[in-house]
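Shown next, in structure tokens, is the structure this report addresses.
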Amino acid sequence: MREITYIDYINKNAVERLAYFMETLSITNRTPDYYVNWEKVTRETRKYELELNTLNYLIGKDDVYRETLELFKKQPDLIRALPSLIASRDKMLDVLNIDKEDNMDFYKLDFVNIDTDNLESYVDFAEESGLLNFLEHDANKSLVDYVYGIEAGLDSNARKNRSGTTMEKILNRNIVKVSKKLEIEHQSQATADFIKNNWGIDIQVDKSARRFDEAVYCRKTNRLWLIETNYYGGGGSKLKATAGEFIMLNNLISEPGKNINFVWVTDGQGWNTAKAPLLEAFGHVKYVFNLKMLKDGYLEELFK
């Protein structure tokens, strides 16, 4: 693959720019810290560390139902730790109950405001969920360590959003470095109000809550660049919708006469499933870059 400079890339037509963009897509943007947010895991576990250490008393008990009920009578606040033990973030649970005759009814359990007049319902839930059996037969010495493992597993659900956060961090690092070198200003999560109040430029936005991942401003030339970033490791309808959204956003805010330009930094093998909407976007958005282009200094050339 032949390397293309920023100037050569920008001067190509939409089809040619898209071809080079697709050729240089990254395989992944998953840095080592993508997999587990240990700070969050530790924070969520420590919320109930005292309760969990107390609940260790139940491990290995023969009559675990009776022991649990007696313990909850003495310390009902221990019940607040139960959702963590069954890998639930919810603290208010709606439960379907089915009896031996297949009769169904629903009930609600509040794990924040404990119903001390109905402690047996919590113990019944713990038994029917399999938690008491686990405590009696399978749990080891530390429920705190067990919940650490649960929280690490639950944290994997956040990985999809973490790809976008990683792109924001990569973009920010690049912009911080270039801004210092070129002596220009920048702001992460910039709003239209911030831009107006600090740089005196009015911009149109598609929604009042719009925050641009990065905004870069050169006071000497009064030029403004508004930047959005994302990453798609897999396909789906979201890619087409995003391409359409950024076409509209580009057409709304880009004003060459006022030196306002929209920049889109995106990457990921998912774009191989959405070349048609991406080509349409390339026909409208002049500045579409991927991670390799950031690595090759395209942002610095753009801001010069």
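With full-length UniProt numbering applied, the sequence shown covers 1 to 304.
For glycine and all other residues, C-beta sits at the position ideal for the given N, C-alpha and C.
Here the structure is a predicted model, which is why all the values come from computation and not from measurement.
Assess contact between the region 44-57 and the region 132-143, defined as three or more Cβ pairs (one per stretch) separated by less than 8 Å. Is contact present? yes
(message) What does DSSP give as the partner residue(s) for S188 in the beta ladder?
(response) Its beta-bridge partners are E214.
Problem set entry | First and last residue of the uninterrupted beta strand (DSSP E) at N261 | I260 to D267
Suppose contacts are defined by Cβ-Cβ distances below 8 Å. Is F246 in contact with R17 by that definition? no
(message) Rounded to whole angstroms, what is the Cα-Cα separation between V265 and G153?
(response) 30 Å
If distances are taken between C-alpha atoms only, which option among Y148, I10 and K61 comes closest to E49? Closest by alpha carbon: Y148.
Query raised in the report: Which stretch, first to last residue, makes up the alpha helix (DSSP H) that contains K240?
Result: Residues S237 to I253.
**Message:** Bridge partners for R223 per DSSP, in chain order?
**Reply:** C218
Q) Which whole-angstrom value is the C-beta distance of K47 and D155, which I expect to be below 8 Å? A) Cβ-Cβ separation between K47 and D155: approximately 14 Å, too far for a contact (criterion under 8 Å).
Which residue comes first and which comes last in the alpha helix (DSSP H) that contains D105?
-> That residue, D105, is in no alpha helix (DSSP H); its beta strand (DSSP E) goes M104 to D110.
- prompt: Helix, strand or coil: which one does DSSP assign to I10?
  reply: helix
For this session: Can you give me the Cβ contacts of D90 inside the same chain, cut-off strictly under 6 Å, excluding the 5 residues immediately before and after it?
Result: Excluding five sequence positions before and after D90, none of the CB atoms of its chain fall closer than 6 Å to its own CB.
Practice item. Excluding the 5 residues preceding and the 5 following residue 332 in the sequence, name in chain order all residues of the same chain whose CB lies nearer than 6 Å to its CB. Key: This structure cannot settle anything about residue 332, because the visible part of the chain is limited to 1 through 304.
**OP:** Assign L25 to one of three DSSP states: helix, strand, or coil.
**Re:** coil
message: What would DSSP say about I195, mapped onto helix, strand or coil?
response: helix
message = Let's test the definition: count the other Cβ atoms within 10 Å of the Cβ of N97 and tell me whether it reaches 16, buried, or not, exposed.
response = Exposed, since its Cβ has fewer than 16 Cβ neighbours within 10 Å.
Practice problem: Specify the secondary structure class of V48 as computed by DSSP and reduced to three states. | Solution: Rather than Val, the amino acid found at residue 48 in this sequence is Tyr. Y48: coil per DSSP, three-state reduction.
Please return the same chain residues whose Cβ sits closer than 8 Å to the Cβ of A87, not counting the five positions on each side in sequence. Once the five neighbours on either side are set aside, the close Cβ partners of A87 are I150, G153 and L154.
Worksheet entry | Length of the line joining the Cα atoms of I10 and N230 | 21 Å
ask   = What do you get for N222, buried or exposed, if any count of 16 or more other CB atoms within 10 angstroms of its CB means buried?
value = Residue environment for N222: exposed (fewer than 16 other C-beta atoms within 10 angstroms of its C-beta).
query: Out of curiosity, what's the CA-to-CA distance linking L291 and W199?
result: Approximately 28 Å, taken between the alpha carbons.
- Item | Boundaries (first-last residue) of the alpha helix (DSSP H) holding residue 367 | Nothing in the structure corresponds to residue 367, since the chain is present only between 1 and 304.
Review point. Within the chosen definition, does the region 194-212 reach the region 247-257 through at least 3 CB pairs nearer than 8 Å?
Key: Yes: the two stretches touch, three or more of their Cβ pairs being nearer than 8 Å.
* Could you tell me the distance, in whole angstroms, from the CA atom of G234 to the CA atom of T165? => 16 Å
So, helix, strand or coil for T229, using DSSP? strand
For this session: Could you give the DSSP three-state label for I203: helix, strand or coil?
Result: coil
How many whole angstroms separate the CB atoms of D213 and S188, which I take to be in contact at a CB cut-off of 8 Å? That belief holds up - the Cβ atoms of D213 and S188 are roughly 7 Å apart, short of 8 Å.
Taking only three categories from DSSP, how would you classify D62? Coil.
> So what does DSSP say about I114, is it helix, strand or coil?
Replying inline: Assigned with DSSP and collapsed to three states, I114 falls in coil, not helix or strand.
Quiz item: Around the C-beta of T68, are 16 or more other C-beta atoms found within 10 angstroms, so that it is buried, or is it exposed?
Solution: buried
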